[in-house]
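Q: Please see the structure below; I have some questions.
Protein chains: 2
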Amino acid sequence: MSRETGGRRAPTLEDVAARAGVSRATASRVVNEDLRVRPAAREAVLDAVAELGYRPNRAARSLVTREAGSIAVVVPEAEDRVFRDPFFASLLVSITQALADSTVQVLLAMGRPGDGCRKIEKYLRGGGTDGAIVVSHHQDEEIWRALRETRLPAVHVGRPQAGGAGLPYVDMDNEAGGALAAEHLISRGRRRIGTIAGPQDMAPGADRLSGWRRAMRAAGLADDLVEIADFSAESGGERMRRLLRREKGLDAVFVASDLMAVAAIHEIQAAGLQVPEQIAVVGFDDSQAASLSRPSLTTVRNPVDSLATTAVDMLLRLMQGEEAKSVVLDTQLVRRASTDFSVLK
Amino acid sequence: MSRETGGRRAPTLEDVAARAGVSRATASRVVNEDLRVRPAAREAVLDAVAELGYRPNRAARSLVTREAGSIAVVVPEAEDRVFRDPFFASLLVSITQALADSTVQVLLAMGRPGDGCRKIEKYLRGGGTDGAIVVSHHQDEEIWRALRETRLPAVHVGRPQAGGAGLPYVDMDNEAGGALAAEHLISRGRRRIGTIAGPQDMAPGADRLSGWRRAMRAAGLADDLVEIADFSAESGGERMRRLLRREKGLDAVFVASDLMAVAAIHEIQAAGLQVPEQIAVVGFDDSQAASLSRPSLTTVRNPVDSLATTAVDMLLRLMQGEEAKSVVLDTQLVRRASTDFSVLK
DNA sequence: TTGAAAGCGCTAACAA
DNA sequence: TTGTTAGCGCTTTCAA
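Protein chains in written order, with the UniProt record's numbering: chain A, 1 to 345; chain B, 1 to 345.
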């Protein structure tokens, strides 16, 4: 695993200093953009750096500064399903982009189901990073304990279930999103509205459902047409069939994820019914699947990008010793053809 | 950015040694599983480690071993489109999972368009990693130069355009995949077959097209119905409209990505034609979009998982000083409803 | 089998 | 403004 496969030794600060005719300390100052260096010396060092192709050794620097220069995106106990989720991919990308300006590197720490998160825990405790962004919808006591004990700055994306060791979090307003969906359907004249919810032990699952409930009751409508699914396309389709069987008069459904919503649309069509003519459908996430679907899917926007930039922002603040308060982001409804006759596709 | 926010100093090897009543060297040997340590001493050290909650400091270790304990997944000059691509997300996940057993950490290094890849280059040169997996369909001279000069073990995912500094690569057989698609359509009795290709300055774009061409000619069919798109859904739909305008007798299309293929299907349907009855469609990638589409999409499987595990395998081998030869993986056709009446969905 | 000691490359007091 | 010096926490000779 040696990096020095027969090559010349990489130039050190010592080499640079020697070549520039200054001390190592001065060379270090130039490299770290310390102001109190005579212009001439500065020039000399910069030249030497360029000529030698010098790059500071991160390990050496980390050792003395006690900063790793990286943050970890932690996904504990991750199932395959989580990863293939476009939400997760987008989040990861947005986080990385948000850090592109800084010198901070992004480390991807994914646990495997079963294995617990021993590897991640070890890494966090070993001082491998300066901070962590935890992405999970489960309780991850071990990770939380490690974060607490190491006092590592950390933020949670998505409201953690049981306190999350007091970590600040960024989340979208799932409850308001669910209400938004219901209100939209009601405003379109629908009355017999069902919902396919996510797992109730996950915050997005529970919150989207309760938002829907609140709006339904506020409008004096029944909130009995509830089916619980698991966010997978299969489960979404299956629950849609149940809903169709349960209620002949059904004229709309709010489905807690786009993926499930697309599957639901297929089932409605397979039953010989039209979307949105007979049954209107609202999804959740505004993922690619929503615009690719036919009819295109009205959905609640999941502000992934803002989620990521806010999380990064909070983490950087925390890393500078400042306070960070949890943030809940607004959601918006994206109107498309699955609830609206006037939209073409 | 200090990690030691008022907390107790993390225990060092020195502390462990003191507590166990041995020297630092012995403690180090135990931690690194060196065999020549007396069982009693071993026990004492292990106990001390447990009691103190000792974790080795990575920076200190790296400094002396000259190993970073991490590999970088490098995505230079990445546009937004690349990231949202499910292929990339799956690849990243598979790479991380493939490394879950090892102690190696995964570092995500994404460049931004325009900015070049100065940050990445700097990092690679700074000894921040022990190896790199480069994911790109462009020429990235700077990165290649950095990799060459640092002699950093590296592999390319996807055949690099212009040599890629002699990096070994893993790729799927895009050419064979294109041929597979054409042959399948021909075997289903289609004769007037068009194609919507990807950009010709990208290997997957060019190779899938040439495979299609080869199979068409081999069957004595005309290969004139070619439209070049850019892998985006919009471009796919637009090129499909052109194809429909160009050739009334069109009875099949091979589209170089699922995303474009789904858009193409929508256009065909919008023109009042049936898939697969009038026009059969084959996509490429076997992404989620393919199974979500109605009719479900026959497509060429992109073996993302094998791509990732093979790349990781090659890299680890390289890091141990062994040789690694480029690998081209086979592809398979996944039959679904867009080319086959007997498939239900 | 063990310990003493040297140093990996860097930053940061402290003095000059 | 500069240089000297002392470590950061660890691995690894080299002797014992």
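Heads up, the beta-carbon is just placed ideally off N, CA and C, and yes, glycines get one too.
Leaving out five residues on either side along the sequence, give the residues of the same chain with a beta carbon under 6 Å from the beta carbon of residue 193(B).
A: 185, 252
Q: For residue 249(A), which residues of its own chain have a beta-carbon under 6 Å away from its beta-carbon, when the five flanking residues on both sides are left out?
A: So the qualifying residues of the chain are 192.
Q: Could you give the distance in angstroms between the alpha-carbon of residue 101(A) and the alpha-carbon of residue 308(A)?
A: Between residue 101(A) and residue 308(A), the C-alpha separation is close to 15 Å.
Q: Leaving aside the five residues before and after residue 69(A) along the sequence, list all residues of the same chain whose C-beta is less than 8 Å from its C-beta, in chain order.
A: 58, 61, 62, 103, 104, 105, 130
Q: If you draw a straight line from the alpha carbon of residue 299(A) to that of residue 155(A), how long is it in whole angstroms?
A: Their Cα atoms are separated by approximately 27 Å.
Q: Jot down the residue ranges of each uninterrupted beta strand (DSSP E) in the region 206-276 of chain A, minimum 3 residues, whole runs only, in chain order.
A: 226-228, 252-255
Q: Compare the C-alpha of residue 135(B) against each of 177(B), 149(B), 274(B), 85(B) and name the closest.
A: 85(B)
Q: Give me the chain A residues within the contact set of residue 292(B), using Cβ-Cβ distance strictly less than 9 Å, ordered along the chain.
A: 233, 259, 262, 263, 266, 289, 292, 293
Q: Among the candidates 187(A), 222(A), 229(A), 216(A), whose CA atom is the shortest distance from the CA of residue 205(A)?
A: 229(A)
Q: Whole angstroms is fine: what's the gap from residue 120(B)'s alpha carbon to residue 138(B)'s?
A: If I take the Cα positions, the gap works out to 16 Å.
Q: Taking residue 31(A) and residue 56(A) to be in contact with their CB atoms under 8 Å, please state how far apart those CB atoms are, rounded to whole angstroms.
A: 6 Å
Q: Please say whether residue 293(B) and residue 334(B) have beta carbons closer to each other than 8 Å?
A: Between residue 334(B) and residue 293(B), the gap from beta carbon to beta carbon reaches 8 Å or more.
Q: If you count every other CB in all the chains shown that lies within 10 Å of the CB of residue 4(A), and 16 or more means buried, which is it?
A: Below a pLDDT of 50, predicted positions are generally treated as unreliable, and residue 4(A), at 38, falls in that range; the measurement from the model is reported next regardless. Classification for residue 4(A): exposed.
Q: Show which residues of chain A have a CB atom less than 9 Å away from the CB atom of residue 110(B).
A: Result: 93, 96, 97, 100, 106.
Q: Am I right that residue 270(B) and residue 215(B) are in contact with their C-beta atoms under 8 Å? What's the rounded C-beta distance?
A: Going by Cβ atoms, the distance from residue 270(B) to residue 215(B) rounds to 29 Å, so no, they are not a contact pair.
Q: May I have the straight-line CA-CA distance separating residue 272(B) from residue 266(B), to the nearest angstrom?
A: 10 Å
Q: Could you tell me if residue 257(B) is buried or exposed, where buried requires 16 or more neighbouring beta carbons within 10 angstroms of its beta carbon?
A: buried
Q: Assuming residue 300(B) is part of the beta strand (DSSP E), what are its boundary residues?
A: 298-301
Q: Name, please, each residue of chain B whose Cβ falls closer than 8 Å to the Cβ of residue 57(A).
A: Within 8 Å Cβ-Cβ: 63, 126, 127.
Q: Straight-line CA distance for residue 189(A) to residue 220(A)?
A: Spanning the two alpha carbons is a distance of roughly 13 Å.
Q: So, do the region 222-240 of chain A and the region 196-203 of chain A have three or more beta carbon pairs nearer to each other than 8 Å?
A: yes
Q: Along the chain, where does the alpha helix (DSSP H) containing residue 49(A) start, and where does it finish?
A: 39-52
Q: Relative to the alpha-carbon of residue 302(B), which residue among 181(B), 239(B), 236(B) has its alpha-carbon at the smallest distance?
A: 181(B)
Q: What are the uninterrupted segments assigned as alpha helix (DSSP H) that are 4 or more residues long and contained completely in the region 54-127 of chain B, given in chain order?
A: 58-65, 80-84, 86-98, 118-125
Q: Please confirm if residue 169(A) has its CB atom under 8 Å from at least one CB of chain B.
A: no
Q: Going by DSSP, name the residue or residues bridged to residue 156(B).
A: 134(B), 169(B)
Q: Check whether the Cβ of residue 9(B) lies closer than 8 Å to any Cβ atom in chain A.
A: Under the Cβ criterion of 8 Å, residue 9(B) is not counted among the residues facing chain A.
Q: Given that a residue counts as buried once 16 or more other Cβ atoms are within 10 Å of its Cβ, and exposed if not, what is residue 278(A)?
A: exposed
Q: Counting only C-beta atoms, is residue 303(A) closer than 8 Å to chain B at any point?
A: For residue 303(A), the closest Cβ of chain B is not nearer than 8 Å.
Q: Tell me the DSSP secondary structure of residue 143(A) in three-state form.
A: helix
Q: Does the beta-carbon of residue 74(A), which I'm using as the reference point, lie nearer than 7 Å to any heavy atom of the ligand SAH?
A: As far as ligands go, the structure on display features none, and thus does not contain the ligand SAH.
Q: Kindly indicate which residue of 325(A), 313(A), 276(A) has the alpha-carbon position closest to the one of residue 340(A).
A: 276(A)
Q: Only counting runs of 3 or more residues, tell me where the beta strand (DSSP E) segments fall wholly within the region 182-209 of chain A, in order along the chain.
A: Scanning the region 182-209 of chain A for uninterrupted beta strand (DSSP E) segments of 3 residues or longer gives 193-197, listed from N- to C-terminal end.
Q: So, with DSSP's three-state summary, where would you put residue 21(A)?
A: coil
Q: Looking at the structure shown, is residue 321(A) part of a helix, part of a strand, or coil, going by DSSP?
A: Three-state result, residue 321(A): coil.
Q: Name the DSSP bridge partner or partners of residue 285(B)?
A: Partner(s): 301(B).
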